[in-house]
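Reading through the structure tokens given below for one structure.
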Amino acid sequence: MSELKPLHWIGSAKKDWKAMPEAVQDFFGYALLLAQKGDKHHRAKPLTGFGGAGVLEVVDIHLGNAYRAVYTVRFVNAVYVLHCFQKKSNKGITTPSGKSILSRPA
Numbered sequence: 008m009s010e011l012k013p014l015h016w017i018g019s020a021k022k023d024w025k026a027m028p029e030a031v032q033d034f035f036g037y038a039l040l041l042a043q044k045g046d047k048h049h050r051a052k053p054l055t056g057f058g059g060a061g062v063l064e065v066v067d068i069h070l071g072n073a074y075r076a077v078y079t080v081r082f083v084n085a086v087y088v089l090h091c092f093q094k095k096s097n098k099g100i101t102t103p104s105g106k107s108i109l110s111r112p113a
């Protein structure tokens with residue numbers, strides 16, 4: 008097994024992830040494990056608007072609710088979890104623009 012990159016949680020991302028249903032935590036945990044190994048979950052998609060910065064989003068639907076985790080693999084030595092949240096809008100499953108702004112690098 009290859010060496011795992013360390014996982015770093017930014018802001019409240021870990022607390023927000025731990026507040027999610029266990030099935031969602033497991034799903035995101037597996038996606039993040041793959042990222043630590045240098046692989047990509049088949050449902051992880053590049054987040055637009057970051058100029059190829061290696062920012063990925065993975066979405067899980069659990070009991071009709073959409074949950075998202077945003078992380079970056081841009082850095083060689085670590086995976087950074089930028090944001091975990093439940094989408095609250097009932098107008099579809101696209102990321103609200105306010106959430107995208109929270110995830111953008113400075």
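Take any residue in the sequence shown, count from 1 to its spot, add 7: that is its number in this note's numbering. Note that CB positions come from ideal geometry on N, CA and C, so glycine has one too.
Whole-angstrom distance between residue j and residue i, CA atom to CA atom
i: ILE68; j: LYS47; result: 19 Å
i: TRP24; j: TYR37; result: 13 Å
i: SER19; j: LEU89; result: 9 Å
i: VAL83; j: LEU70; result: 36 Å
i: ALA113; j: CYS91; result: Here the model assigns ALA113 a pLDDT of 47, short of 50, so the residue's position is not dependable, and the following value carries that caveat. One C-alpha to the other measures close to 19 Å.
i: HIS49; j: LEU39; result: 12 Å
i: GLY61; j: ARG81; result: 5 Å
i: GLY45; j: LEU11; result: 8 Å
i: VAL66; j: ASN72; result: 10 Å
i: ALA30; j: GLN93; result: 14 Å
i: PHE35; j: PRO28; result: 11 Å
Residue i, buried or exposed, once every other Cβ within 10 Å from all chains shown has been counted against 16
i: LYS22; result: exposed
i: ALA1; result: Residue 1 cannot be examined here, being either before or after the span of the chain that is shown, 8 to 113.
i: LEU63; result: buried
i: LEU54; result: buried
i: ALA85; result: exposed
i: ALA76; result: buried
Candidates the options, of which the one nearest residue i by Cα
i: PHE57; options: ARG75, GLN43, THR79; result: THR79
i: LEU16; options: LYS94, GLN93, TYR87; result: The residue asked about is misnamed: residue 16 is Trp in this sequence, not Leu. Measuring from the Cα of TRP16, the nearest candidate turns out to be TYR87.
i: ALA42; options: PRO13, VAL31, ALA30; result: PRO13
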